[in-house]
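So the sequence lines, in the order shown, correspond to chains A and B.
Its first residue numbered 33, the first sequence is counted upward by one per residue in my numbering.
Its first residue numbered 805, the second sequence is counted upward by one per residue in my numbering.
Okay, so here's the structure we're looking at.
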Amino acid sequence: PGKSNQKDEL
Amino acid sequence: MNIFRLTGDLSHLAAIIILLLKIWKTRSCAGISGKSQILFALVFTTRYLDLLTSFISFYNTIMKLIYIGCAYATVYLIYMKFKATYDGNHDSFRLEFLVVPVGGLACLVNHDFSFLEILWTFSIYLESVAILPQLFMISKTGEAETITTHYLFFLGLYRALYLFNWIWRFYFEGFFDMIAIVAGVVQTILYCDFFYLYVTKVLKGKKLSLPA
């Protein structure tokens, strides 16, 4: 958590 | 996934479908800024290249394909099929004034200087200003068809709901992405003037016309 580059949003 | 992100995505999908149906059913793109639609197609293209590199979920993949497909279909309808109804004189916003600064900013302020990350950052910044040609066109024509105002309402609502999604995710998951949040706040603020007119006029059955 806190990582910003988990691109799971559209 | 949370209720704000789901309703946000559905609101975004509704906006995209409303616009596509408006142009298809009326066989006219009067009052629609083709330039904004080009920017949205560019936003989806640069943001969803990860379709080729990673699988997140069926929902994620299917929604991305729908967004990209509808964006290009809309651009096609405006610039090819119903080109005769395209109001180019009023759609005069200079795209380079948006794309060049956004491109520069994406190279300067990002989470990681890698190809996909720069493109993703570019798409986030570009999306926050992509509606400007459309709002500019409405200010020039001084009015908008009611169906177009519904399109803009759902389009503006989607990112406002995403702001709540990010609050939710920060609180429950400790997740936040400052670039997406700042751009999302800017994007939503750009709609405030329109939201005011939409609530005070369109929802009261009046036509949206700006004081000339």
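Using N, Cα and C, we set each Cβ at its ideal position, and we do this for glycine too.
Hey, how far is the Cα of B/Trp972 from the Cα of B/Glu947? A straight line joining the alpha-carbon of B/Trp972 with that of B/Glu947 spans about 37 Å.
What does B/Asp854 touch in chain A if you count any residue whose Cβ is under 8 Å from its own? Those are Lys39, listed as they occur along chain A.
Along chain A, which residues have their Cβ under 7 Å away from the Cβ of B/Ile860? Among the residues of chain A, those whose CB is under 7 Å from the CB of B/Ile860 are Asp40, following chain order.
Straight-line Cα distance separating B/Ser840 from B/Trp1052: Past the edges of chain B, shown from 805 to 1016, lies residue 1052 of chain B, and the structure says nothing about it.
Would you call the stretch 953–969 of chain B in contact with the stretch 994–1004 of chain B, where contact means no fewer than 3 C-beta pairs closer than 8 Å? The stretch 953–969 of chain B, when compared against the stretch 994–1004 of chain B, does touch it at the 8 Å Cβ threshold.
Can you name, in chain order, every residue of its own chain whose Cβ lies under 6 Å from the Cβ of B/Lys826, other than the five neighbours on each side? The beta carbon of B/Lys826 sits closer than 6 Å to the beta carbons of Ile951 from its chain, once the five residues preceding and following it are set aside; these are given in chain order.
Please name the residue or residues paired with B/Glu947 in a DSSP beta bridge. Checking the DSSP bridge columns, you'll see B/Glu947 partnered with B/Ser1013.
From the beta carbon of B/Trp972, is the nearest beta carbon of chain A less than 8 Å away? It does not: the Cβ of B/Trp972 has no partner Cβ on chain A nearer than 8 Å.
Grouping DSSP H, G and I as helix and E and B as strand, with all else coil, what is B/Asn864? Of the three classes helix, strand and coil, the one that applies to B/Asn864 here is helix, per DSSP.
Where do the ends of the alpha helix (DSSP H) carrying B/Ile928 lie? Looking at the DSSP string, the run of the alpha helix (DSSP H) that includes B/Ile928 is Phe919 to Val933.
With a Cβ-Cβ cutoff of 8 Å, do B/Pro905 and B/Ser837 count as a contact? Not in contact: B/Pro905 and B/Ser837 (Cβ atoms no closer than 8 Å).
Identify the contact partners of B/Asn864 in chain A, using a Cβ-Cβ distance below 8 Å as the criterion. The contacting residues are Asp40 and Leu42.
Three-state secondary structure assigned by DSSP to B/Ile836: Coil.
If you draw a straight line from the C-alpha of B/Ile820 to the C-alpha of B/Asn864, how long is it? The straight-line gap from Cα to Cα measures roughly 16 Å.
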